[in-house]
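Visitor: Under numbering that gives the first Met the number 0, the first residue of the sequence shown carries the number 0, and numbering increases by one thereafter.
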Amino acid sequence: MKNSPAILGGQPVFAAKVNIVRPVLPDFNEMSDEVQGILKSGMVTKGQHLRAFEQAVQEHLGVRHAVAVSSCTTGLMLTYKGLGLTGDVVVPSFTFMATVSALVWAGLRPVFADVDRGTTNLDPAAAEAAITPQTSAIVAVHNFGNPADIDALQDVANRHGLKLVFDSAHGFGALYQGKPVGSQGDAHVYSLSPTKLLIAGEGGIVATNHDDLADKIRIGREYGNSGSYDSAFAGINARMPEINALMGLHSLQRLEEAAQRRNETVAIYHELLGCLPGVHFQEVRPGNRNSYKDFSITIDPQTFGLERDDLMQALAAENVDTRKYYDPPVHRQTAYAHYADDTDLANTNWLATYSVSLPIWSNMENETAMKICQAVQNIHEHAAQIREQQRS
Ligand SMILES: Cc1ncc(COP(=O)(O)O)c(C=O)c1O
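#1: When you compare the CB positions of H64 and P179, do they come within less than 8 Å of one another, or not?
#2: Compute the distance between the beta-carbons of A351 and Y325, then report whether it is under 8 Å.
#3: To the nearest angstrom, report how far apart T98 and L75 are at their CA atoms.
#4: According to the neighbour-count rule (16 or more other Cβ atoms, all chains shown, within 10 Å of its Cβ), is Q289 buried or exposed?
#5: May I have the straight-line CA-CA distance separating A125 from S192, to the nearest angstrom?
#6: So what does DSSP say about I19, is it helix, strand or coil?
#7: Checking 8 Å against the spacing of the C-beta atoms, do P91 and A67 come in under that value?
#8: Do L271 and M369 have their C-beta atoms within less than 8 Å of each other?
#9: Ligand 1 heavy atoms versus the CB of G170: any closer than 7 Å?
#10: Note down the Cα distance separating G203 from T73, rounded to an integer number of angstroms.
#11: Helix, strand or coil for A175? Go by DSSP, reduced to three states.
#12: In the DSSP assignment, find the unbroken alpha helix (DSSP H) run with D308 in it and report its ends.
#13: Do H379 and L314 come within 8 Å of each other at the CB atom, strictly closer than that value?
#14: In angstroms, rounded to a whole number, what distance separates the CA positions of F27 and D340?
#15: Start and end of the alpha helix (DSSP H) containing P300?
#16: Distance, Cα to Cα, A392 vs R386?
#17: Which value, in whole angstroms, describes the spacing of the CA atoms of Y335 and L248?
#18: Does the contact criterion of 3 or more C-beta pairs under 8 Å hold for the stretch 47-58 versus the stretch 296-316?
#19: With distances taken Cα to Cα, identify the nearest neighbour of G81 among D115, R322, A136.
#20: Grab me the residues of T342's own chain with a C-beta within less than 6 Å of its C-beta, minus the 5 sequence neighbours each way, in chain order.
#21: Spatial neighbours of A213 within its chain, please: CB distance less than 8 Å, with the 5 preceding and 5 following residues excluded, ordered by chain position.
#22: Within a Cβ cutoff of 6 Å, which residues of the same chain sit near A139, ignoring the five residues on either side of it in sequence?
#23: Within its chain, find whatever has a CB closer than 7 Å to the CB of I6; leave out the 5 residues flanking it on each side and keep chain order.
#24: Do you know offhand how far H279's Cα is from L77's?
#25: Anyone know if the C-beta pair for R238 and R220 falls short of 8 Å?
#26: What residues in its chain sit with their C-beta under 8 Å from that of N287, if we drop five residues either side in the sequence?
#27: Would you please state the rounded distance, in angstroms, between the beta carbons of F294 and L357? I believe it to be under 8 Å.
#28: Using the Cβ count rule (16 or more neighbours within 10 Å means buried), how would you classify L245?
#29: Taking Cβ positions, are N224 and G234 nearer each other than 8 Å?
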């Protein structure tokens, strides 16, 4: 007989907690000489590693400029400012809060538009419907690493004379029609924080083909000081330290392997969870590759037998960490709810209710993914008893 789920008193599938993510970092030995060099030289910021990292990313993405900054959030703030955006900006609510917080910091008004339920990305038709006379840009997200509907969004932006920015926080490792996302739109802004495939400790990259924007980001990350000590505009300190740039450079060498490995892990998840009723996966359009920075599924309680939150609780008892990305969505968060009047965000609200992210990282063992699937299967098979227990 099968073991009962841990929530019903059985043995947990995992003896120790399986975290939602495990950062895969470069080995210290491969970096130690260069780290020593940084410390000895005293050049701890704005040095050769920053330049080397920017050059390598530029080549990898196939863009004219890759400007390294202290985070994706500061990169977004500087990009929104650097493009001279004004008034309203169309943005999804089914995203991480920083996509929108950076807009507000840049003095812009977010206008939320709905996402496609399958891809979980900004729906071009909804984005177009959200355009107001004050709109200056559309900001889209490659959600969880799934390339956005880039061509359709560019078409909308062109027809309305708008800028198009991609929050590409999850974008390293994602391929759009076979090529890395990054050269499309006016700018792509990436995160290099520890939950990503390409990790610099903390950090971000602004990728753009516009010389003018790249200049503004370079000056903007230095307080707005181009070197003359006469501020061109109000900037911030958004520099990337040398040690972080070095870590990023080493991490870039492992990026392709990380993306492939995550896709292999997801293939296991798909195979073992795809047969369960009520479990659905993020839809990746033909020709694209998801980086799977996160692996998110939706749970239909009618057919799966349990609510998303019940599954999360039962998985926690098995020592499996999960996340509700993104619940609450940005338009229902305290700081942003007042921007959300009269918007139709049915898919956003649906996804926020039914989505759950399962553990994934860049060198996850097959066995871990398989055991997580077994745990989900077992919980599904005992759904009636779990519901019963919760009622009592
Ligand atoms: C979609 C999205 N945008 C922006 C950010 C902010 O990135 P950072 O922590 O590098 O500022 C994140 C963080 O994970 C994110 O998920």
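Using N, Cα and C, we set each Cβ at its ideal position, and we do this for glycine too. Predicted, not measured: the structure shown is a model, and the values here were computed from it.
Guide: Checking against the coordinates, here is how it stands:
#1: no
#2: yes
#3: 7 Å
#4: Sequence inspection shows Asn at residue 289; the Gln mentioned does not correspond to that position. It is buried - the Cβ of N289 has at least 16 other Cβ atoms within 10 Å.
#5: 30 Å
#6: coil
#7: no
#8: yes
#9: no
#10: 8 Å
#11: Looking at the sequence shown, residue 175 is not Ala but Tyr. Residue state, collapsed to three classes: strand.
#12: 307-316
#13: no
#14: 51 Å
#15: 300-303
#16: In the structure as shown, the chain begins at 0 and stops at 391. Residue 392 is therefore absent and cannot be evaluated.
#17: 36 Å
#18: no
#19: A136
#20: F111
#21: R63, H64, V66, V205, T207
#22: L121, A147, L152, F165
#23: Q312, A313, A316, I385
#24: 37 Å
#25: yes
#26: N145, P146, A173, L174, Y175, Q176
#27: 5 Å
#28: buried
#29: yes
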